[in-house]
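K.L.:
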């Protein structure tokens with residue numbers, strides 16, 4: 013991402029949610045209010061009026077056909093990934109975590125949708141100022157919703173957390189890093205986790221799982237995907253294996269609790285809705301970790 017531009021990935025995923033909300037099957041995976049909030053944010057971004065034309069029946073079918081060519085199942089993957097994260101966050105808040113902190117939230121809607129449901133909890137989004145500007149103009153912070161603009165390539169996350177008036181090391185928070193770690197170096201990911209650990213009750217993040225050749229990326233993706241990410245200055249940089257993950261987390265002060273892959277998401281999310289026939293992209297997993305015991 014360029015320093016003065018909003019994240020292309022944030023815009024892409026928000027547009028994907030709008031696209032899915034118009035599809036007879038995929039809309040069942042879109043949480044209430046998610047599409048409406050996403051559109052309100054996207055209205056502040058360039059090109060949204062043009063994109064709206066793509067939501068008609070014929071353009072929408074063409075886009076979903078293109079998805080099957082470039083990266084089959086990526087739309088459903090985004091949707092079930094978010095659905096599982098929301099279930100895990102709700103569980104954490106109900107069990108006593110006092111805040112939800114979303115790092116690099118992009119145009120995600122989770123904090124906005126949960127803030128009224130959990131009025132005693134704080135909902136904090138930390139993101140690059142250029143990306144956060146669109147959300148700030150539409151949903152300014154206030155009450156238990158807090159927007160904290162920060163460039164984590166220039167600022168220390170621990171300093172940002174230390175200055176927050178709604179966080180302390182005595183009241184644990186649930187941290188979410190969705191669709192972020194793959195754009196960072198291994199060292200940067202580990203440093204972020206170390207900075208999070210003193211405040212954290214539950215860590216939820218996604219990561220790219222290396223394939224048998226040690227490559228990172230979605231399985232079966234078109235070479236055009238990697239080229240597009242590189243051209244947009246958002247290439248994948250880090251991934252790991254399930255065998256190495258416990259060691260990696262332990263070095264940052266966490267214990268592995270659970271790894272969720274496409275098979276798990278299909279069984280937990282798609283099958284109960286009768287959507288087991290939908291393709292799901294493979295290669296990105298969801299991880300849940302907890303701070304290591306003293």
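Residue numbers (my numbering): 13 to 306. Even glycine gets a Cβ: it sits at the ideal position worked out from N, Cα and C.
(1) Tell me, to the nearest whole angstrom, how far the beta carbon of residue 88 is from that of residue 38; I am working on the premise that it is less than 8 Å.
(2) Less than 8 Å between CB atoms is the rule here; does residue 203 satisfy it with respect to chain D?
(3) Can you tell me the Cα-Cα spacing of residue 68 and residue 155, whole angstroms?
(4) Please report how far the alpha carbon of residue 83 lies from the alpha carbon of residue 117, in whole angstroms.
(5) Roughly how many angstroms separate the alpha carbons of residue 77 and residue 97, rounded to a whole number?
(6) Curious, which full-length beta strand (DSSP E) runs of at least 3 residues does the segment 213-237 contain?
(7) Given a cut-off of 8 Å on the beta-carbon distance, is the pair residue 47 and residue 29 in contact?
(8) Cα separation between residue 111 and residue 186?
(9) Which residue from 195, 126 and 95 puts its Cα closest to that of residue 106?
(10) Shortest alpha-carbon distance to residue 100 belongs to which of 147, 226 and 301?
(11) Roughly how many angstroms lie between the CA atoms of residue 162 and residue 103, to the nearest whole one?
(12) Quick one: using the 10 Å Cβ neighbour count with 16 as the cut-off for buried, is residue 147 buried or exposed?
(13) Could you tell me if residue 74 is buried or exposed, where buried requires 16 or more neighbouring beta carbons within 10 angstroms of its beta carbon?
(14) Do you know offhand how far residue 230's Cα is from residue 143's?
(15) Helix, strand or coil, according to DSSP, for residue 163 in the structure here?
(16) State the start and end residues of the unbroken beta strand (DSSP E) segment that holds residue 115.
(17) Can you list, in chain order, the residues of its chain whose CB lies under 6 Å from that of residue 253, leaving out five sequence neighbours each side?
P.N.:
Taking the definition as stated:
(1) Correct: roughly 7 Å between the Cβ atoms.
(2) Chain labels in this structure do not include chain D; a single protein chain is all it has.
(3) Computed Cα separation, rounded: 37 Å.
(4) Distance between residue 83 and residue 117, taken at the CA atoms: about 23 Å.
(5) In a straight line, the C-alpha of residue 77 is about 27 Å away from that of residue 97.
(6) No beta strand (DSSP E) of 3 residues or more sits fully in the segment 213-237.
(7) Against a cut-off of 8 Å, the Cβ pair of residue 29 and residue 47 comes out as a contact.
(8) Using only the alpha carbons, I get a separation of about 6 Å.
(9) It is 126.
(10) Of the listed residues, the one whose Cα sits closest to residue 100 is 301.
(11) Residue 162 and residue 103: Cα-Cα distance of roughly 28 Å.
(12) Flag for residue 147 reads buried.
(13) Exposed: under 16 other Cβ atoms inside 10 Å.
(14) About 25 Å.
(15) Correct three-state label for residue 163: coil.
(16) Start and end: 111-115.
(17) Same-chain partners within the cutoff: 222.
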